[in-house]
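**Q** Handing you a structure now.
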Amino acid sequence: MEADFVFEAITEDLIIKNALMKNVSLMCADETVVCSNTLNLNLDDVFNGIRHPQRTLGLRFLLPVYFIPLVEMSTHSSTSLATIHKVKELFKFIKKESFSRGSGEPPRKLTSHEAQTMQLTTAGKSLCSDTTGSHVARESHDTRLIHGHF
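So the sequence shown is numbered by this note's numbering: it starts at -15 and just counts up by one.
Written as structure tokens, this is what we have:
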């Protein structure tokens, strides 16, 4: 399989995630970055026994993904600096901001208020009046599929 990035977001079951990661790592090119969306599992366990563990890490897009620019990035004992750099370049391209969760820290969860505030300030929408005086949202967000290499 030819891909620059693979993002996994399946059930929070270590046996299932690890089996998937082993299979994915065998199918991907040597340069592919493989990411897990785990919320609570230990990344060393998720990526145990896979090919090229240095190109793996945890990534969790905060919800709602379309409106929230934040992505939680978690490394593990084998994640390389090159992998971190490659992921940060992708984030820059798709206009997302990463933040790191330290070892042992609980996952970042937005409150309803935080999510609503970010939706209003980062969605790329501006309110304008139409001829009837009602407000309509004007979308300025680019939703095309991403093609290219990072």
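Quick reminder that beta carbons are idealized off the backbone N, C-alpha and C, glycines included.
Leaving out five residues before and five after Ala(-13) in sequence, what residues of the same chain have Cβ atoms less than 6 Å from its Cβ?
**A** Thr16
**Q** Taking the CB atoms as reference points, tell me whether Leu25 and Lys1 lie closer together than 8 Å.
**A** yes
**Q** Please return the same chain residues whose Cβ sits closer than 7 Å to the Cβ of Thr63, not counting the five positions on each side in sequence.
**A** Taken in chain order, the residues that qualify are Gln38, Thr40 and Leu41.
**Q** Could you please give me the residues that DSSP links to Phe45 through a beta bridge?
**A** Partner(s): Val55.
**Q** Pull up the DSSP beta-bridge partners for Ser82, would you.
**A** Per DSSP, Val55.
**Q** Using a 10 Å radius around the Cβ and a threshold of 16 neighbouring Cβ atoms, would you call Phe31 buried or exposed?
**A** buried
**Q** What does Cys19 pair with, by DSSP beta-bridge criteria?
**A** Answer is Phe(-9) and Leu41.
**Q** In the DSSP assignment, the alpha helix (DSSP H) including Met11 goes from what residue to what residue?
**A** Start and end: Leu(-2) to Met11.
**Q** Within its chain, find whatever has a CB closer than 7 Å to the CB of Met11; leave out the 5 residues flanking it on each side and keep chain order.
**A** Met(-15)
**Q** Taking all protein chains shown into account, do 16 or more other C-beta atoms lie within 10 angstroms of the C-beta of Thr67, making it buried, or fewer, making it exposed?
**A** buried
**Q** If you run the structure through DSSP and keep just helix, strand and coil, what is Glu73?
**A** helix
**Q** Quick one: give me the first and last residue of the alpha helix (DSSP H) that Asp28 is part of.
**A** Leu27 to Val30
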